[in-house]
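Working notes for the structure below.
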Amino acid sequence: MAETDQTLKKTPLAEAHQQLGGKMVPFGGWFMPVQYSGLVDEHTTVRTKVGLFDVSHMGEVRIQGEDALAFTNYLTVNNVTKLEDDQAHYSAFCTPEGTVVDDLLVYREAADNFLLVINAANIEKDVAWIRKNQGNFKVTITNESDDTAQIAIQGPLAQGILQRVCDADLSEMKYYWFKRCKVGPVSALVSRTGYTGEDGFECYVAAADAVAVWRLLLETGAEEGIKPAGLGARDSLRLEARMHLYGNDMDETTTVLEAGLGWIVKTKNTDDFIGKAAIVAQKKAGVERKLVGFRLLGRGIARPDCAVIEDGIAVGRVTSGTQGPTLKQSIGMAYVPTHLSRPGTTLQIQIRNKLVDAEVVKGPFYKRA
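First residue of the sequence shown? That's 1 in the UniProt record's numbering, and the numbers climb one at a time after it.
The structure is reproduced here in structure tokens:
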């Protein structure tokens with residue numbers, strides 16, 4: 001049965017999006033704005049000025065108690081023991097086989113208090129998975145997703161605008177650090193994080209305060225040309241920055257190493273975590289396929305599930321692809337056999353009925369100055 005407006009979940013800002021002319025679409029069970037003024041305009045505004053995103057569909061799970069640090073460290077592949085209070089990092093949940101259950105941000109508020117920010121489509125799955133793996137760890141697991149809203153202000157002008165209404169000194173906040181502070185009169189957790197490749201902040205507030213904070217930021221940034229931005233621009237921005245999208249670029253059929261996320265996996269001198277043995281073994285043996293970035297050398301856009309062809313046979317598949325508005329070229333990511341993963345390698349991608357050449361490229365497609 002097709003999803004309808006009535007069956008979709010709505011963020012606290014759904015009505016505000018419609019009042020601003022947001023084009024609403026189903027997304028992972030949510031009723032979300034795909035665009036306002038247009039994808040390219042919103043994308044360019046974030047790259048050159050500042051944009052505002054509703055990210056309230058994301059999930060928030062709190063781990064508290066005397067074993068909170070040990071349990072979070074066991075659940076995730078990055079080394080939680082290295083985090084200080086008010087510091088965050090990017091990580092992943094893995095299966096015992098080393099495949100990716102979800103990617104997430106881990107926020108350490110204290111040694112006995114961690115906030116895990118997970119993907120919207122995976123909230124129920126992840127919460128069940130966390131509870132299933134609790135074992136004898138002395139922790140309390142709380143799903144705070146329904147009570148929490150997240151608003152992201154992103155772009156080179158983000159700090160100046162947010163600072164005017166925030167009582168924390170944002171100039172002292174480094175990337176992947178955060179503060180409990182006030183945004184206007186509202187209590188918030190503000191972190192220097194984002195999913196765009198630009199500088200910016202993500203503001204976690206009570207769901208009941210979301211509309212007030214959203215309006216305050218739009219009013220405060222009006223002179224600088226702040227614009228609300230939708231999921232379309234969020235996707236093109238993250239792809240130019242070569243940030244992964246769960247469900248496209250990795251899932252429970254791909255290992256964390258195949259997905260190119262080995263940099264977040266800490267296996268030396270660390271405690272055991274779920275998937276560690278499998279990841280160590282795969283690291284030693286090597287992977288047979290890798291997720292690579294590519295740019296098309298011919299015309300077209302390589303969409304997800306386009307085949308990568310070698311000698312007339314499909315040997316890989318595209319996971320993400322778009323026409324990069326900043327780069328003005330067609331880019332994407334694909335799983336390919338390891339022998340085709342070296343930067344500079346020419347791939348052939350089937351787009352409709354044509355084979356189009358593409359070049360494997362290293363690192364992010366776009367990096368801010």
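Where a beta carbon is used, it is the ideal one built from N, C-alpha and C, also for glycine.
Check                                                                                                    : Outcome
Asparagine 73: first and last residue of the uninterrupted alpha helix (DSSP H) it sits in               : 68 to 75
Cβ distance (whole Å) where proline 33 is taken to contact glycine 230 below 8 Å                         : 4 Å
Pair within 7 Å by beta-carbon distance, alanine 149 and alanine 210                                     : yes
N-terminal and C-terminal residue of the beta strand (DSSP E) that aspartate 102 is part of              : 100 to 110
Nearest-angstrom Cα separation, counted from asparagine 119 out to leucine 261                           : 17 Å
Boundaries of the beta strand (DSSP E) in which glutamine 329 is found, first to last residue            : 329 to 337
For aspartate 103 and histidine 244, believed in contact at Cβ under 8 Å, the rounded distance           : 6 Å
Short Cβ contact (7 Å threshold) for threonine 255 with threonine 99                                     : yes
Environment of alanine 2 [buried if 16+ CB atoms lie within 10 Å]                                        : Since pLDDT at alanine 2 reaches only 48, below the 50 mark, its modelled position is unreliable, and the value read off the structure follows with that caveat. So alanine 2 ends up on the exposed side.
Exposure of glutamate 124, with buried meaning 16 or more beta-carbon neighbours within 10 Å             : exposed
Between the CA atoms of serine 91 and glutamine 323 - distance to the nearest angstrom                   : 28 Å
The alpha helix (DSSP H) enclosing lysine 290, as first and last residue numbers                         : No alpha helix (DSSP H) contains lysine 290, which is instead part of the beta strand (DSSP E) from 289 to 296.
Helix, strand or coil at glutamine 163 [DSSP, three-state]                                               : helix
Distance, aspartate 85 Cα to aspartate 67 Cα                                                             : 16 Å
Three-state secondary structure assigned by DSSP to serine 56                                            : coil
Valine 46: first and last residue of the uninterrupted alpha helix (DSSP H) it sits in                   : 39 to 48
Three-state secondary structure assigned by DSSP to alanine 222                                          : coil
Supposed close pair alanine 233, leucine 39 - CB separation, criterion 8 Å                               : 5 Å
Under 7 Å between C-beta atoms of alanine 188 and valine 165                                             : no
Helix, strand or coil at glutamine 19 [DSSP, three-state]                                                : helix
The stretch 171 to 186 contacting the stretch 39 to 48, beta-carbon criterion three pairs below 8 Å      : no
Glutamate 202, enclosing beta strand (DSSP E) - first and last residue                                   : 200 to 206
Paired residues, beta bridge with methionine 250 - DSSP                                                  : Tyr246
Residue nearest to glutamate 252 in terms of C-alpha spacing, selected from Trp30, Cys94, Gln35          : Cys94
Serine 236: first and last residue of the uninterrupted alpha helix (DSSP H) it sits in                  : 231 to 240
Strand pairing of arginine 317, partner residues [DSSP]                                                  : Ala307, Tyr335
Environment of histidine 339 [buried if 16+ CB atoms lie within 10 Å]                                    : exposed
Contacting residues, own chain, Cβ-Cβ under 8 Å from threonine 267 (five flanking each side not counted) : Lys276, Ile279, Val280, Lys283
Opening and closing residue of the alpha helix (DSSP H) in which isoleucine 274 lies                     : It is not in any alpha helix (DSSP H) - isoleucine 274 carries neither H nor E in the DSSP assignment.
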